[in-house]
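Residue numbers (this note's numbering): 385 to 647.
Here it is, written out as C-alpha coordinates:
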(Lines of atoms letter the chains of each structure in order from A and count residues from 1; the text may use other names and numbers.)
(Lines give C-alpha, C1' and ligand atoms only; values in the text may rest on other atoms or scores of the structure.)
Protein backbone atom coordinates (compact mmCIF):
# COMPACT_ATOMS: atom_id res chain seq x y z
CA UNK A 1 0.00 0.00 0.00
CA UNK A 2 1.31 3.45 -0.93
CA UNK A 3 1.48 5.77 2.06
CA UNK A 4 -0.08 9.22 1.88
CA UNK A 5 0.28 12.28 4.07
CA UNK A 6 -0.12 12.24 7.04
CA UNK A 7 1.54 8.96 8.03
CA UNK A 8 2.89 9.26 11.57
CA UNK A 9 6.00 7.27 12.39
CA UNK A 10 6.20 5.66 8.95
CA UNK A 11 8.86 6.43 6.38
CA UNK A 12 7.11 7.65 3.23
CA UNK A 13 9.14 7.84 0.03
CA UNK A 14 8.37 11.02 -1.93
CA UNK A 15 11.11 11.33 -4.57
CA UNK A 16 13.88 8.91 -5.52
CA UNK A 17 16.20 10.59 -2.99
CA UNK A 18 13.81 12.02 -0.36
CA UNK A 19 11.56 10.29 2.15
CA UNK A 20 9.66 11.85 5.04
CA UNK A 21 9.02 10.81 8.63
CA UNK A 22 6.19 12.83 10.18
CA UNK A 23 6.46 13.73 13.87
CA UNK A 24 3.34 13.32 15.97
CA UNK A 25 3.17 16.98 17.05
CA UNK A 26 0.10 18.40 15.30
CA UNK A 27 -1.10 21.88 16.20
CA UNK A 28 -2.23 25.26 14.91
CA UNK A 29 1.34 26.27 14.07
CA UNK A 30 2.67 22.84 13.04
CA UNK A 31 -0.34 21.66 10.97
CA UNK A 32 -0.20 17.82 10.93
CA UNK A 33 3.25 17.89 12.58
CA UNK A 34 6.88 18.43 11.64
CA UNK A 35 8.18 16.70 8.53
CA UNK A 36 11.63 15.24 9.12
CA UNK A 37 13.19 14.63 5.71
CA UNK A 38 15.44 11.61 5.20
CA UNK A 39 17.70 11.97 2.15
CA UNK A 40 19.95 9.43 0.42
CA UNK A 41 21.55 9.26 -3.01
CA UNK A 42 21.61 6.15 -5.16
CA UNK A 43 24.03 3.56 -3.83
CA UNK A 44 24.75 5.37 -0.55
CA UNK A 45 24.59 3.56 2.79
CA UNK A 46 24.42 6.89 4.67
CA UNK A 47 21.61 9.41 5.08
CA UNK A 48 21.16 13.14 5.52
CA UNK A 49 18.45 14.19 7.99
CA UNK A 50 16.77 17.57 7.60
CA UNK A 51 15.02 18.92 10.72
CA UNK A 52 15.04 16.26 13.46
CA UNK A 53 11.81 17.69 14.81
CA UNK A 54 10.60 18.38 18.34
CA UNK A 55 11.98 17.03 21.60
CA UNK A 56 10.22 13.67 21.29
CA UNK A 57 12.25 10.57 22.05
CA UNK A 58 9.92 8.32 20.08
CA UNK A 59 10.41 10.45 16.96
CA UNK A 60 14.19 10.57 17.42
CA UNK A 61 14.26 6.80 17.85
CA UNK A 62 12.18 6.41 14.68
CA UNK A 63 14.75 8.47 12.76
CA UNK A 64 17.56 6.30 14.10
CA UNK A 65 15.58 3.17 13.24
CA UNK A 66 14.78 4.04 9.62
CA UNK A 67 18.36 5.15 8.95
CA UNK A 68 19.97 2.28 10.84
CA UNK A 69 21.84 5.00 12.73
CA UNK A 70 23.85 5.83 9.59
CA UNK A 71 23.30 9.60 9.56
CA UNK A 72 26.21 11.33 7.84
CA UNK A 73 24.83 14.81 8.51
CA UNK A 74 21.84 16.57 10.04
CA UNK A 75 20.74 19.91 8.57
CA UNK A 76 18.49 22.53 10.18
CA UNK A 77 16.20 24.84 8.20
CA UNK A 78 15.70 27.34 11.05
CA UNK A 79 15.77 27.75 14.81
CA UNK A 80 12.19 27.01 15.93
CA UNK A 81 11.87 24.30 18.57
CA UNK A 82 9.58 22.05 16.52
CA UNK A 83 12.57 21.64 14.17
CA UNK A 84 15.48 21.70 16.60
CA UNK A 85 14.20 20.17 19.84
CA UNK A 86 15.24 16.67 18.77
CA UNK A 87 18.84 17.56 17.87
CA UNK A 88 20.62 16.33 20.97
CA UNK A 89 18.73 13.04 21.25
CA UNK A 90 19.44 12.26 17.59
CA UNK A 91 23.13 13.05 18.11
CA UNK A 92 23.15 10.68 21.10
CA UNK A 93 21.60 7.92 19.02
CA UNK A 94 23.58 8.34 15.78
CA UNK A 95 26.62 10.55 16.41
CA UNK A 96 25.54 12.77 13.51
CA UNK A 97 27.17 16.17 13.09
CA UNK A 98 24.63 18.99 12.86
CA UNK A 99 24.84 22.13 10.75
CA UNK A 100 22.61 25.19 10.83
CA UNK A 101 22.77 28.91 10.11
CA UNK A 102 22.56 29.69 13.82
CA UNK A 103 25.77 28.56 15.59
CA UNK A 104 23.72 27.62 18.67
CA UNK A 105 22.61 24.46 16.86
CA UNK A 106 25.98 23.26 15.58
CA UNK A 107 27.07 19.85 16.85
CA UNK A 108 30.34 18.24 15.78
CA UNK A 109 30.95 21.13 13.39
CA UNK A 110 32.12 24.73 13.74
CA UNK A 111 30.87 25.90 10.33
CA UNK A 112 27.45 27.58 10.07
CA UNK A 113 25.62 27.05 6.81
CA UNK A 114 26.44 29.63 4.14
CA UNK A 115 24.28 30.84 1.26
CA UNK A 116 25.46 29.27 -1.99
CA UNK A 117 27.36 26.46 -0.28
CA UNK A 118 27.19 23.02 -1.88
CA UNK A 119 27.13 20.12 0.57
CA UNK A 120 28.29 16.71 -0.61
CA UNK A 121 26.92 13.96 1.64
CA UNK A 122 25.15 10.59 1.39
CA UNK A 123 25.65 10.49 -2.38
CA UNK A 124 23.94 13.86 -2.86
CA UNK A 125 24.83 17.42 -3.80
CA UNK A 126 22.73 19.79 -1.68
CA UNK A 127 22.73 23.52 -2.44
CA UNK A 128 22.15 25.86 0.49
CA UNK A 129 19.79 28.74 -0.35
CA UNK A 130 19.31 31.52 2.20
CA UNK A 131 15.57 32.22 2.42
CA UNK A 132 15.08 34.58 5.40
CA UNK A 133 11.69 36.04 6.22
CA UNK A 134 9.88 33.45 8.31
CA UNK A 135 12.92 33.83 10.55
CA UNK A 136 16.22 35.56 9.94
CA UNK A 137 18.13 32.26 9.90
CA UNK A 138 15.83 30.35 7.50
CA UNK A 139 17.45 28.37 4.71
CA UNK A 140 16.15 26.03 2.01
CA UNK A 141 17.98 23.02 0.57
CA UNK A 142 17.99 22.43 -3.17
CA UNK A 143 18.29 18.92 -4.61
CA UNK A 144 18.38 18.00 -8.27
CA UNK A 145 14.64 17.30 -8.32
CA UNK A 146 13.26 18.97 -5.17
CA UNK A 147 13.55 21.88 -2.76
CA UNK A 148 13.21 21.51 1.01
CA UNK A 149 11.68 24.81 2.10
CA UNK A 150 11.40 24.49 5.89
CA UNK A 151 8.67 26.89 7.03
CA UNK A 152 9.33 29.38 4.22
CA UNK A 153 6.67 27.61 2.15
CA UNK A 154 4.27 25.13 3.75
CA UNK A 155 2.35 22.29 2.16
CA UNK A 156 -0.96 23.95 3.07
CA UNK A 157 -1.97 27.35 4.37
CA UNK A 158 0.50 30.21 4.58
CA UNK A 159 3.54 31.07 6.67
CA UNK A 160 3.67 33.28 9.75
CA UNK A 161 6.54 35.77 9.85
CA UNK A 162 8.35 35.73 13.21
CA UNK A 163 8.46 39.41 14.07
CA UNK A 164 11.52 39.01 16.30
CA UNK A 165 13.76 38.78 13.22
CA UNK A 166 11.62 37.93 10.20
CA UNK A 167 10.88 40.75 7.77
CA UNK A 168 8.45 40.95 4.88
CA UNK A 169 11.03 42.52 2.58
CA UNK A 170 13.32 39.53 3.17
CA UNK A 171 10.43 37.13 2.75
CA UNK A 172 9.27 38.50 -0.59
CA UNK A 173 12.86 38.40 -1.86
CA UNK A 174 13.16 34.79 -0.68
CA UNK A 175 9.98 33.80 -2.51
CA UNK A 176 11.38 35.33 -5.70
CA UNK A 177 14.61 33.34 -5.22
CA UNK A 178 12.64 30.15 -4.76
CA UNK A 179 10.63 30.68 -7.95
CA UNK A 180 13.86 31.26 -9.87
CA UNK A 181 15.60 28.24 -8.35
CA UNK A 182 12.82 25.75 -7.76
CA UNK A 183 10.52 25.88 -10.77
CA UNK A 184 9.92 22.33 -11.96
CA UNK A 185 11.26 20.82 -8.74
CA UNK A 186 9.12 19.16 -6.08
CA UNK A 187 8.17 21.17 -2.98
CA UNK A 188 9.17 19.36 0.22
CA UNK A 189 7.93 21.53 3.12
CA UNK A 190 8.50 21.18 6.85
CA UNK A 191 4.76 21.05 7.53
CA UNK A 192 1.90 19.79 5.41
CA UNK A 193 1.88 17.65 2.26
CA UNK A 194 4.50 17.75 -0.47
CA UNK A 195 3.71 19.02 -3.98
CA UNK A 196 5.12 17.94 -7.36
CA UNK A 197 6.07 21.49 -8.45
CA UNK A 198 7.22 24.31 -6.20
CA UNK A 199 6.48 27.13 -8.66
CA UNK A 200 2.66 27.42 -8.55
CA UNK A 201 2.61 27.22 -4.74
CA UNK A 202 5.28 29.92 -4.50
CA UNK A 203 3.48 32.19 -6.94
CA UNK A 204 0.31 31.77 -4.86
CA UNK A 205 2.30 32.80 -1.77
CA UNK A 206 3.60 35.91 -3.53
CA UNK A 207 0.09 36.89 -4.64
CA UNK A 208 -1.32 36.22 -1.17
CA UNK A 209 1.29 38.44 0.49
CA UNK A 210 0.56 41.34 -1.85
CA UNK A 211 -3.18 40.84 -1.28
CA UNK A 212 -2.66 40.98 2.49
CA UNK A 213 -0.53 44.11 2.11
CA UNK A 214 -3.37 45.81 0.26
CA UNK A 215 -5.79 44.78 3.01
CA UNK A 216 -3.48 46.28 5.64
CA UNK A 217 -3.18 49.49 3.59
CA UNK A 218 -6.99 49.67 3.45
CA UNK A 219 -7.22 49.09 7.20
CA UNK A 220 -4.76 51.92 7.85
CA UNK A 221 -6.76 54.24 5.64
CA UNK A 222 -9.81 53.50 7.77
CA UNK A 223 -8.17 53.26 11.20
CA UNK A 224 -5.51 55.90 10.72
CA UNK A 225 -1.77 55.57 10.01
CA UNK A 226 -0.87 55.06 13.68
CA UNK A 227 -3.21 52.09 14.25
CA UNK A 228 -1.60 49.39 16.36
CA UNK A 229 -1.07 45.78 15.37
CA UNK A 230 -4.13 44.27 17.05
CA UNK A 231 -6.45 46.94 15.67
CA UNK A 232 -5.29 45.95 12.19
CA UNK A 233 -5.57 42.23 12.99
CA UNK A 234 -9.18 42.65 14.13
CA UNK A 235 -9.98 44.45 10.90
CA UNK A 236 -8.08 42.30 8.37
CA UNK A 237 -8.66 38.93 10.06
CA UNK A 238 -12.29 39.52 11.13
CA UNK A 239 -13.35 36.32 9.32
CA UNK A 240 -10.57 34.18 10.88
CA UNK A 241 -10.85 32.16 14.11
CA UNK A 242 -9.78 34.46 16.95
CA UNK A 243 -7.52 31.70 18.27
CA UNK A 244 -5.27 32.42 15.27
CA UNK A 245 -5.10 36.17 15.84
CA UNK A 246 -2.01 36.00 18.03
CA UNK A 247 -0.10 34.21 15.26
CA UNK A 248 -1.54 36.62 12.68
CA UNK A 249 -0.33 39.56 14.75
CA UNK A 250 3.28 38.56 14.11
CA UNK A 251 2.78 38.72 10.35
CA UNK A 252 0.78 41.95 10.59
CA UNK A 253 3.57 43.53 12.63
CA UNK A 254 5.98 42.62 9.82
CA UNK A 255 3.56 44.03 7.23
CA UNK A 256 3.20 47.31 9.13
CA UNK A 257 6.96 47.62 9.39
CA UNK A 258 7.25 46.98 5.67
CA UNK A 259 4.61 49.56 4.74
CA UNK A 260 5.98 52.21 7.11
CA UNK A 261 9.44 51.68 5.63
CA UNK A 262 8.58 51.17 1.96
CA UNK A 263 5.21 52.85 1.60
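Idealized CB from N, CA, C, for every residue including glycine.
So, residue i versus residue j, is the Cβ gap smaller than 7 angstroms?
i           : j           : result
residue 461 : residue 523 : yes
residue 567 : residue 399 : no
residue 559 : residue 585 : no
residue 406 : residue 447 : no
residue 395 : residue 575 : no
residue 595 : residue 563 : no
residue 552 : residue 639 : yes
residue 525 : residue 510 : yes
residue 403 : residue 397 : yes
Contact defined as beta carbons within less than 8 angstroms: I believe residue i pairs with residue j. What is the distance between those atoms, to the nearest angstrom?
i           : j           : result
residue 425 : residue 506 : 6 angstroms
residue 535 : residue 543 : 6 angstroms
residue 412 : residue 637 : So it is not a contact: roughly 18 angstroms between Cβ atoms.
Between residue i and residue j, what straight-line distance do the alpha-carbon atoms span, to the nearest angstrom?
i           : j           : result
residue 593 : residue 481 : 36 angstroms
residue 408 : residue 430 : 25 angstroms
residue 467 : residue 421 : 11 angstroms
residue 434 : residue 428 : 17 angstroms
residue 587 : residue 518 : 17 angstroms
residue 520 : residue 546 : 9 angstroms
residue 444 : residue 470 : 6 angstroms
residue 388 : residue 623 : 31 angstroms
residue 386 : residue 646 : 48 angstroms
residue 550 : residue 565 : 21 angstroms
residue 477 : residue 571 : 29 angstroms
residue 491 : residue 615 : 43 angstroms
residue 513 : residue 493 : 19 angstroms
residue 419 : residue 610 : 40 angstroms
residue 450 : residue 432 : 12 angstroms
residue 496 : residue 504 : 15 angstroms
residue 608 : residue 644 : 13 angstroms
residue 485 : residue 423 : 19 angstroms
residue 417 : residue 537 : 15 angstroms
residue 528 : residue 442 : 31 angstroms
Count the other C-beta atoms from every protein chain shown that fall within 10 angstroms of the C-beta of residue i, then say buried if there are 16 or more, exposed otherwise.
i           : result
residue 401 : buried
residue 573 : buried
residue 605 : exposed
residue 635 : buried
residue 630 : exposed
residue 540 : exposed
residue 487 : exposed
residue 464 : buried
residue 516 : buried
residue 632 : buried
residue 502 : exposed
residue 440 : buried
residue 452 : exposed
- Query: Would you call the region 619-639 and the region 594-608 in contact, with 3 or more CB pairs under 8 angstroms?
  - Reply: The region 619-639 is in contact with the region 594-608.
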